[in-house]
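J.: So the sequence shown is residues 1 to 939, counted in full-length UniProt numbering. Pasting in a structure now, in structure tokens, and then I'll have a few things to ask.
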Amino acid sequence: MALSSLRHQLEPPGVPGGTVLQADRFSVRLNPDAVSADVTEFDAAVTGAARPAAAAERVRLLEAAVRLYQGEFLPGYYDDWVLEEQRRLAEAFVGAAHGLVRELEKAGDVAGALEHARHAVQVEPMREEFRRDLMRLLASSGDREGIDAALRQFNDWDRRGAQEGWEPGPALRQYARDLERRAQASPAAPEIPRRVVEGSGGAPAPVVPSRTPEGFPPAEAPHPRAEVEHAGRLPLQVTRFFGREEEIARLAEMLSPCGPVALPPDDARAARLVTLTGPGGTGKTRLSLAVAERLRSSYRGAVWFVPLADLANARLIPGAVVDALGIPRSLEAGRLEQAEMLLAAQPSLLVLDNFEHLVRQGGALVRTLLARLPTLTCLVTSRQPLHVTGEREYPLLPLPVPRTDEDADRMSRVPSVQLFVDRAQAVRPDFQLTPGNAPAVAELCTRLDGMPLAVELAAARVQVLTARQMVTQLDRRFELLVSRKRDISERHRTLWAAINWSYGLLTPDLQKFFRRLSVFRGGWTLEAAETVSGDPDGPVNALDGMSHLRDCSLILAEEIGPEMRFRMIESLRDYGEERLREAGEADRIRDRHRDFHLRLAEAAEAPLRGPRQAEWLGRLEAEYDNIQAALEWSLNGSPEAGLRLAGALWQFWLASGRLGEGRERLRTVLSRTDPSDRSAPRAKALNGAGVLAYVQGDYEGARVLHEEGLAIWRESGDRQHLSYALLGLGFVETAQENYDRAGALYDECLPLFREYADVWGVAWTLNNMGNVAWHRGDVVRARALYEESLALKRELGDPYGLADSLGNLALAASGQGDHTTARALYQESLTIWRDLGDRRGVAAALEGLAGLEAAKEAGSAGDAPGSAAERAACLAGAAEALRRSIGARLSPSDLAQNERALAPARAALAPDAFRAALAAGAALSLEAAVAYAVGAHPE
Numbered sequence: 001m002a003l004s005s006l007r008h009q010l011e012p013p014g015v016p017g018g019t020v021l022q023a024d025r026f027s028v029r030l031n032p033d034a035v036s037a038d039v040t041e042f043d044a045a046v047t048g049a050a051r052p053a054a055a056a057e058r059v060r061l062l063e064a065a066v067r068l069y070q071g072e073f074l075p076g077y078y079d080d081w082v083l084e085e086q087r088r089l090a091e092a093f094v095g096a097a098h099g100l101v102r103e104l105e106k107a108g109d110v111a112g113a114l115e116h117a118r119h120a121v122q123v124e125p126m127r128e129e130f131r132r133d134l135m136r137l138l139a140s141s142g143d144r145e146g147i148d149a150a151l152r153q154f155n156d157w158d159r160r161g162a163q164e165g166w167e168p169g170p171a172l173r174q175y176a177r178d179l180e181r182r183a184q185a186s187p188a189a190p191e192i193p194r195r196v197v198e199g200s201g202g203a204p205a206p207v208v209p210s211r212t213p214e215g216f217p218p219a220e221a222p223h224p225r226a227e228v229e230h231a232g233r234l235p236l237q238v239t240r241f242f243g244r245e246e247e248i249a250r251l252a253e254m255l256s257p258c259g260p261v262a263l264p265p266d267d268a269r270a271a272r273l274v275t276l277t278g279p280g281g282t283g284k285t286r287l288s289l290a291v292a293e294r295l296r297s298s299y300r301g302a303v304w305f306v307p308l309a310d311l312a313n314a315r316l317i318p319g320a321v322v323d324a325l326g327i328p329r330s331l332e333a334g335r336l337e338q339a340e341m342l343l344a345a346q347p348s349l350l351v352l353d354n355f356e357h358l359v360r361q362g363g364a365l366v367r368t369l370l371a372r373l374p375t376l377t378c379l380v381t382s383r384q385p386l387h388v389t390g391e392r393e394y395p396l397l398p399l400p401v402p403r404t405d406e407d408a409d410r411m412s413r414v415p416s417v418q419l420f421v422d423r424a425q426a427v428r429p430d431f432q433l434t435p436g437n438a439p440a441v442a443e444l445c446t447r448l449d450g451m452p453l454a455v456e457l458a459a460a461r462v463q464v465l466t467a468r469q470m471v472t473q474l475d476r477r478f479e480l481l482v483s484r485k486r487d488i489s490e491r492h493r494t495l496w497a498a499i500n501w502s503y504g505l506l507t508p509d510l511q512k513f514f515r516r517l518s519v520f521r522g523g524w525t526l527e528a529a530e531t532v533s534g535d536p537d538g539p540v541n542a543l544d545g546m547s548h549l550r551d552c553s554l555i556l557a558e559e560i561g562p563e564m565r566f567r568m569i570e571s572l573r574d575y576g577e578e579r580l581r582e583a584g585e586a587d588r589i590r591d592r593h594r595d596f597h598l599r600l601a602e603a604a605e606a607p608l609r610g611p612r613q614a615e616w617l618g619r620l621e622a623e624y625d626n627i628q629a630a631l632e633w634s635l636n637g638s639p640e641a642g643l644r645l646a647g648a649l650w651q652f653w654l655a656s657g658r659l660g661e662g663r664e665r666l667r668t669v670l671s672r673t674d675p676s677d678r679s680a681p682r683a684k685a686l687n688g689a690g691v692l693a694y695v696q697g698d699y700e701g702a703r704v705l706h707e708e709g710l711a712i713w714r715e716s717g718d719r720q721h722l723s724y725a726l727l728g729l730g731f732v733e734t735a736q737e738n739y740d741r742a743g744a745l746y747d748e749c750l751p752l753f754r755e756y757a758d759v760w761g762v763a764w765t766l767n768n769m770g771n772v773a774w775h776r777g778d779v780v781r782a783r784a785l786y787e788e789s790l791a792l793k794r795e796l797g798d799p800y801g802l803a804d805s806l807g808n809l810a811l812a813a814s815g816q817g818d819h820t821t822a823r824a825l826y827q828e829s830l831t832i833w834r835d836l837g838d839r840r841g842v843a844a845a846l847e848g849l850a851g852l853e854a855a856k857e858a859g860s861a862g863d864a865p866g867s868a869a870e871r872a873a874c875l876a877g878a879a880e881a882l883r884r885s886i887g888a889r890l891s892p893s894d895l896a897q898n899e900r901a902l903a904p905a906r907a908a909l910a911p912d913a914f915r916a917a918l919a920a921g922a923a924l925s926l927e928a929a930v931a932y933a934v935g936a937h938p939e
């Protein structure tokens, strides 16, 4: 079984058996001519470098070996042979890395030596000899910047030792003391004097003495061509890159060199400074490298990558640029002049990576460089923009995530899924995306918002967890998403650390504002942020605070409808929520959040019955995640507030088709409050629950709810609300064919509505009185009542009521044989229901049109393809499917009426043909069903 599985993975169909796997009775082995392995290649490179050879060949082999070694062999396995191999390979890497640094130093390539020393420290951070190499190379220039950088390396090492219970060796400690003495003898770099150039529009520009304080020479200095030995060097990438094709193309277009005569840096066409912004873990660095690689030929190799994450302050940026350019430290004081000449000699691109902690002082420095060097272009990666003249920000969003309805094949082409599968296969080579695990992988990528860092950290867990298990653990995502790799920065080793770095760059007041915003679900508006998260007397107002947080890539701003909405990706929200709990503010801010959305829901009640219905439905839809969270919070601490909130939402639940959910929410809040409570909020909630129960066909349940609410209103003497309870109970009595009782209820509520000038209530009561007349067979009276109701609803501009009355009037017209008028009324009703997105209303209009199509078949065979009978069945099937999708039911009398109307179509078609037409209609989407209904008629 194991051998069969191996052959399936390594010798798929089309590959002859035995090509890769060679087996006999006693063993299974890999064909050495058919496979390659990193360990084999690593050993070959190390062995080759140990043989006598030219220096360039030794460097090539050692670089290959160092590139291949990516950390501990088979991490997480502890068999004796694995441990021995781990030790052997680690020692071989130490020798190769140390030897490579020495070879590059001897060749005068100090920048290359420094790059590989840094790489060695990242891969094997516990090796003190690598730390010593790096410190020595950093300090080799003899200037204060280099010595400071070397001392930071030692301090990081010393601090780590203190945390983990060990100390740096005495030789390294003595070397650090020597560096401290040298640092004290070296003057620190002075600050940059600045002035505003007259006529520059207020843009800051440097004072240019004989030599600028940053250490760059005057702009008039001669600029020789770049030498070959300083050609750009980009970090090697050992993992695959997915997606971002559009971003790479756009950024490459923006950053393409403009030729020897560049435009001014504040010219919008120049794009000489582009800042790639986004939260930590979105892949800014990797994208910048892909863009730099794309542009390498356009810049004729003059492309350099400058890592800034480890710099303590902006004064060290020039030194980092010089190091990246590979200017030999043997040039001593002339290195900065040489760097400027190199950058000025031809169009050049600097990629300044991880700039966010240097923005305050570093932004002006970058602006100065661009002003002094017309041939220079900069691509900056940062969690916030630099805010200098000429900057063009390019916000980077997470990777696209799959749709839940996609199959495994389509899903495999979605970048976030591709990234997950690739990184999963790096730790578990047999991992595959299958129909079985694809839904869980899709949910995982979606709930991680397509954030590359989070997806990679999750994929690394496939050794011990399935994708479905990971999904169940996402509530503890900060414990789950932790990397064991040694060659990545501390702030990217965990998802928590990546976010914590950004949080730490905020002022305390902005930290408070950020964590308070985490209470929102699905986004928020400026008004909501001011009310829920702001401090009226605090130093940070909501608008400025959100502008700053958006600059720091901690929130997203989106123009949706008439106003901007803001949101956090889920991982940032989880982090903020944890910080909110730590600060002891969670309960107070959640109370504010609940109260804000309670006021919103109650404010929506009246507009939902008028011309602004669509607008307010949209507002509630946009805030629905917040409303659900507010309801949940109410149940835990304030059931009375939950009762008010749910009681205000029943119209929204009805109009949006959330019938079952609305009933369950109302049932829950009613069960959490005292049954003996006779308050108005309870009566409103009972009324709403009764309406939703009625729509779902639970007439007995609806009766109980309405009667309890009716009793409360009678006891309280609130005649205005009493009228609504009477109207709701009248619906139930009509559905149960108790027409005398229904008529009496309507006769009681109609004068109450008129007493309070409630036109909406009057219109609906007249409509329902028309229903009673229709069911009693009095079509003339029914039509008159429907017309009176329709006129009032047109006056009110109530689209929901208008569509309902149009449908009823169409029914009456049809009953009188006026099919032309009926069809026009049904189609007008259908259009309104479609625009409202009301599936129950669309179904009612389709049923009416189906009856009209069926009537055309009376007395004819009608079995030709495209016949009226088939159209009738198709429309009926679409209507039934729409009702079923939201759990809405017809009353027995309405169901019987539809069956009678459809009978001619059923009789005209063979049973199989009728069922096929029903099924075809059921398969239509709402939009397709409406289009079919409108096009089904030549008139």
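Glycine included, every Cβ here is placed at the ideal spot set by N, Cα and C.
Using three-state DSSP, classify Ser382 as helix, strand or coil.
T.: strand
J.: Please confirm whether residue 948 and Leu134 have their CB atoms less than 7 Å apart.
T.: Outside the modelled stretch of the chain, which goes from 1 to 939, sits residue 948, for which no answer is possible.
J.: Could you please give the first and the last residue of the uninterrupted beta strand (DSSP E) stretch that includes Met546?
T.: Not the beta strand (DSSP E): Met546 falls in the alpha helix (DSSP H), residues Ala542 to Asp551.
J.: Here's the rule I'm using: 16 or more other beta-carbon atoms within 10 Å means buried, otherwise exposed. How should Gln469 be labelled?
T.: Around the beta carbon of Gln469, fewer than 16 other beta carbons sit within 10 angstroms, so the residue counts as exposed.
J.: For the pair the stretch 563-571 and the stretch 359-375, tell me if three or more CB-CB distances fall below 8 Å.
T.: Flag = no, the stretch 563-571 and the stretch 359-375 do not touch.
J.: Taking only beta-carbon atoms, is Glu406 less than 7 Å away from chain B?
T.: Considering every chain present, this structure includes no chain B. It has just one protein chain.
J.: Indicate whether the contact test is met: 3 or more Cβ pairs, each with one atom in the stretch 414-428 and one in the stretch 355-368, closer than 8 Å.
T.: no
J.: For Met341, count the other beta carbons within 10 Å of its own beta carbon; 16 or more makes it buried, fewer makes it exposed. Which is it?
T.: buried
J.: Do Ser533 and Arg383 have their C-beta atoms within less than 7 Å of each other?
T.: no
J.: Tell me which residues share the same chain as Ser200 and place their Cβ nearer than 7 Å to its Cβ, disregarding the 5 neighbours each side in the sequence.
T.: Since pLDDT at Ser200 reaches only 30, below the 50 mark, its modelled position is unreliable, and no value is offered.
J.: Could you please give me the residues that DSSP links to Met564 through a beta bridge?
T.: Glu559
J.: Can you tell which of Val842, Glu847, Gly610 and Gly777 has the C-alpha that lies nearest to the C-alpha of Gly815?
T.: Gly777
J.: Taking only the alpha-carbon atoms, compute the straight-line gap between Ala916 and Arg403 and give it to the nearest angstrom.
T.: 30 Å
J.: Can you find at least 3 beta carbon pairs, one from the stretch 507-518 and one from the stretch 535-547, that sit closer than 8 Å?
T.: yes
J.: State yes or no: is the C-beta of Gly701 within less than 7 Å of the C-beta of Ala693?
T.: yes
J.: Quick one, are the C-beta atoms of Leu825 and Leu806 less than 7 Å apart?
T.: yes
J.: Sort out for me which residues DSSP pairs Thr277 with in a bridge.
T.: Ser382 and Pro395
J.: Buried or exposed for Ile147, going by 16 or more other Cβ atoms inside 10 Å?
T.: buried
J.: Could you give the DSSP three-state label for Pro264: helix, strand or coil?
T.: Summary for Pro264: the model assigns pLDDT 46, below 50, so the residue's position carries little reliability, and this model does not support an answer.
J.: In the stretch 727-751, which residue ranges form an unbroken alpha helix (DSSP H) of at least 4 residues, counting only runs that do not cross its ends?
T.: none
J.: Could you compute how far the alpha carbon of Ala203 sits from the alpha carbon of Gln346?
T.: For Ala203, the pLDDT reaches just 33, beneath the cut-off of 50, and the residue's location in the model is therefore unreliable, leaving the point undetermined.
J.: Rounded to the nearest angstrom, what separates Val110 and Arg182 at their Cα positions?
T.: 21 Å
J.: Under the rule that 16 or more other beta-carbon atoms within 10 Å means buried, what is Val35, buried or exposed?
T.: By the neighbour-count criterion, in which 16 or more other beta carbons inside 10 Å mark a residue as buried, Val35 falls on the exposed side.
J.: Relative to the C-alpha of Ala426, which residue among Leu902, Leu151, Arg240 and Leu890 is closest?
T.: Arg240 is the residue among Leu902, Leu151, Arg240 and Leu890 whose C-alpha sits nearest the C-alpha of Ala426.
J.: Report back the beta-carbon spacing between Gly610 and Leu796 to the nearest angstrom; my notes put them in contact at under 8 Å.
T.: 6 Å
J.: Could you tell me which whole alpha helix (DSSP H) segments of length 4 or greater appear in the stretch 771-839?
T.: 779-796, 799-815 and 819-836
J.: Starting from the C-beta of Ala411, find all residues in its chain whose C-beta is less than 8 Å away, skip the five residues before and the five after it, and write them out in chain order.
T.: Position check: residue 411 holds Met in this sequence, whereas Ala was assumed. Excluding sequence neighbours, Met411 sits near Pro402, Val417, Leu433, Ala438, Val441 and Ala442.
J.: Label Trp833 either buried or exposed according to how many other C-beta atoms from any shown protein chain fall within 10 Å of its C-beta, with 16 as the threshold for buried.
T.: buried
J.: So, with DSSP's three-state summary, where would you put Ser348?
T.: DSSP places Ser348 in strand when its eight states are reduced to three.
J.: With a threshold of 8 Å on Cβ separation, who are the neighbours of Tyr746 within its own chain once the five nearest residues in sequence on each side are excluded?
T.: Once the five neighbours on either side are set aside, the close Cβ partners of Tyr746 are Leu726, Leu727, Gly730, Thr765, Asn768, Met769 and Val772.
J.: According to DSSP, is residue 950 part of a helix, a strand, or is it coil?
T.: Nothing about residue 950 can be reported from this structure: the residues present for the chain run from 1 to 939 only.
J.: Could you give the residue range of the beta strand (DSSP E) that holds Pro307?
T.: Val303 to Pro307
J.: Can you list, in chain order, the residues of its chain with a C-beta nearer than 6 Å to that of Asp80? Leave out the 5 residues immediately preceding and following it.
T.: none
J.: Less than 8 Å between C-beta atoms, sequence neighbours within five positions excluded: which residues of the same chain meet that for Ile248?
T.: Leu287, Ala290, Val291 and Arg294
J.: Identify which residue in Val695, Leu670, Gly326 and Arg754 has its Cα closest to the Cα of residue 991.
T.: Residue 991 lies beyond the stretch modelled for the chain, which goes from 1 to 939, so this question has no answer here.
J.: Going by C-alpha distance, which of Arg132, Glu602 and Arg840 is nearest Ile627?
T.: Glu602
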